[in-house]
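Colleague:
Residue numbers (the numbering used here): -17 to 109.
This is the structure:
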């Protein structure tokens, strides 16, 4: 389903605004994607200008960088510990940027935007 991101037709006071035009294509948008832990599921969406955006709706692996040794590993995600963006997202096990996750090698913080970039990158947190 497509969402319309144009003017709502109401003022802050609750009064009506009569729009003198119809809806435009550039005002259309989509529902937000909340990536969860599960089998990899990607969706390719066309964006303005004809380019493509990869949306990741579920993931099971993450690229974790250890800043001490400067090495990166692809490891399995075990659980979402906290999510500073919203405590409700942590309860629902949603992986967003800034979320702290449990992996096979320890806790890590997500540095990419999985629902926007199509990939999950993280930095290993010091124990």
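Note that CB positions come from ideal geometry on N, CA and C, so glycine has one too.
1) Looking at C-alpha atoms only, which residue of 68, 30, 62 is the closest neighbour of residue 18?
2) Do residue 83 and residue 44 have their C-beta atoms within less than 8 Å of each other?
3) Taking 8 Å as the limit between beta carbons, can you name the residues of its chain near residue 117, skipping five residues before and five after?
4) If you draw a straight line from the C-alpha of residue -9 to the C-alpha of residue 71, how long is it?
5) Taking the CB atoms as reference points, tell me whether residue 38 and residue 28 lie closer together than 8 Å.
6) In the DSSP assignment, find the alpha helix (DSSP H) that holds residue 72 and state where it starts and stops.
7) Should residue 87 and residue 106 be called a contact, given that it needs their Cβ atoms to be closer than 8 Å?
8) In this structure, what does DSSP give as the bridge partners for residue 51?
9) Any idea if residue 11 is buried or exposed, counting beta-carbon neighbours within 10 angstroms, 16 or more meaning buried?
10) When you compare only the Cα positions, how much space is there between residue 68 and residue -3?
11) In angstroms, rounded to a whole number, what distance separates the CA positions of residue 66 and residue 81?
Modeller: In terms of the structure at hand:
1) 62
2) Against a cut-off of 8 Å, the Cβ pair of residue 44 and residue 83 comes out as a contact.
3) Only positions -17 to 109 of the chain appear in the structure, and residue 117 is not among them; the question remains open.
4) 31 Å
5) Result no, Cβ atoms of residue 38 and residue 28 do not sit closer than 8 Å.
6) Note, residue 72: alpha helix (DSSP H), 69 to 73.
7) Going by C-beta atoms, residue 87 is nearer than 8 Å to residue 106.
8) DSSP, once it has assigned bridges, lists no residue as partnering residue 51.
9) exposed
10) 32 Å
11) 7 Å
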